[in-house]
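Counting from 1, position 94 in the sequence shown corresponds to residue 100 in our numbering; the numbering is continuous, with no gaps.
For every residue, glycine included, the Cβ atom is placed at its ideal position computed from N, Cα and C.
No experiment lies behind these values; they were computed from the predicted model shown.
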Amino acid sequence: YYLKTGIASYLEALEQPTGQLRIGCVTEGPGGAEVDPEIAEALASAAQLLDEEGHSVETISYPADPAFSLEAETIWMTEIALLVRNRAEELGREPKRDEIEALTAFAVERTKALSAVDYLQALHRLHGLALRMVEGTREFDLILTPTTGRTAPLIGEFDTRTERFDHETWAEQGWRFAPFTEMFNLT
7 YYLKTGIASY LEALEQPTGQ LRIGCVTEGP GGAEVDPEIA EALASAAQLL
57 DEEGHSVETI SYPADPAFSL EAETIWMTEI ALLVRNRAEE LGREPKRDEI
107 EALTAFAVER TKALSAVDYL QALHRLHGLA LRMVEGTREF DLILTPTTGR
157 TAPLIGEFDT RTERFDHETW AEQGWRFAPF TEMFNLT
């Protein structure tokens, strides 16, 4: 991955003028994910402000394939399973059902069917995706996206804790709420 070199102090760099930045503004979510009007308006306002400040703002398409979610799920669920295993070793026992959330229990069970090859395949695919993301945005200094695609959900709307937890429902809710963030968490 490309990192800008020659920066002695990032804190001091914040005090320096940036010059004109080349900004890619992503207005539509990956795979056509919808963006609530309130959020789209806030993004447009931010892009306009940056343009008025003299930066070059260009609307671009999201360069990623939304199919990466399965690979990402393999990685983060395996990480959760490892954390649960490590804690079980510390305690000298497996967690009781009422000690972990339904999503955590689901992740532990799901990863039992995975092999080391499955994990490495997911990791390699995600690295390839990260490289495509870098290539697709190389000409920009900054990528501007909404943080979320929808306004904040009500407390309890995403059920990850109870016996009513349903992975498919949760995954769909999460994708609709935050279609932009997963890609940047992975790259």
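Contacting residues, own chain, Cβ-Cβ under 7 Å from residue i (five flanking each side not counted)
{"i": "E188", "result": "S75, A78"}
{"i": "P152", "result": "V41, I45, L49, F186"}
{"i": "A19", "result": "I13"}
Exposed unless 16 or more other CB atoms sit within 10 angstroms - verdict on residue i
{"i": "L17", "result": "exposed"}
{"i": "A113", "result": "buried"}
{"i": "L55", "result": "exposed"}
{"i": "G38", "result": "exposed"}
{"i": "I2", "result": "Past the edges of the chain, shown from 7 to 193, lies residue 2, and the structure says nothing about it."}
{"i": "I13", "result": "exposed"}
{"i": "A122", "result": "exposed"}
{"i": "A128", "result": "buried"}
{"i": "L135", "result": "buried"}
Selected residue, minimal CA-CA separation from residue i, among the options
{"i": "Y68", "options": "A52, S62, H133, E40", "result": "E40"}
{"i": "V63", "options": "E163, K118, L148, E174", "result": "L148"}
{"i": "F190", "options": "A14, P36, R93, P23", "result": "P36"}
{"i": "G30", "options": "V140, S15, I161", "result": "V140"}
{"i": "D104", "options": "T166, N92, Y125", "result": "T166"}
{"i": "T80", "options": "S51, E96, A53, A119", "result": "A119"}
{"i": "R28", "options": "E96, E59, L20", "result": "E59"}
Other residues of its chain near residue i: CB distance less than 6 Å, five sequence neighbours each side excluded
{"i": "V90", "result": "V114"}
{"i": "T117", "result": "M83, T84, A87"}
Residue i Cβ short of 7 Å to the ligand HEM heavy atom set
{"i": "R91", "result": "The ligand HEM is not part of the structure shown, which contains no ligands of any sort."}
Cβ-based neighbour list, residue i, same chain, cut-off 8 Å, excluding 5 preceding and 5 following
{"i": "G155", "result": "G35, A39, E40, V41, D42, I45, R182, F183, A184, P185, F186"}
{"i": "R93", "result": "P101"}
{"i": "Y125", "result": "T80, I81, T84"}
Residues that DSSP places opposite residue i in a beta bridge
{"i": "L150", "result": "C31"}
{"i": "S62", "result": "R28"}
### Query
Would you call the stretch 106 to 122 and the stretch 168 to 175 touching, i.e. three or more CB-CB distances under 8 Å?
By the Cβ test, the stretch 106 to 122 is in contact with the stretch 168 to 175, since at least three Cβ pairs between them sit closer than 8 Å.
### Message
Would you call the stretch 139 to 147 in contact with the stretch 14 to 32, where contact means no fewer than 3 C-beta pairs closer than 8 Å?
### Response
The stretch 139 to 147 is in contact with the stretch 14 to 32.
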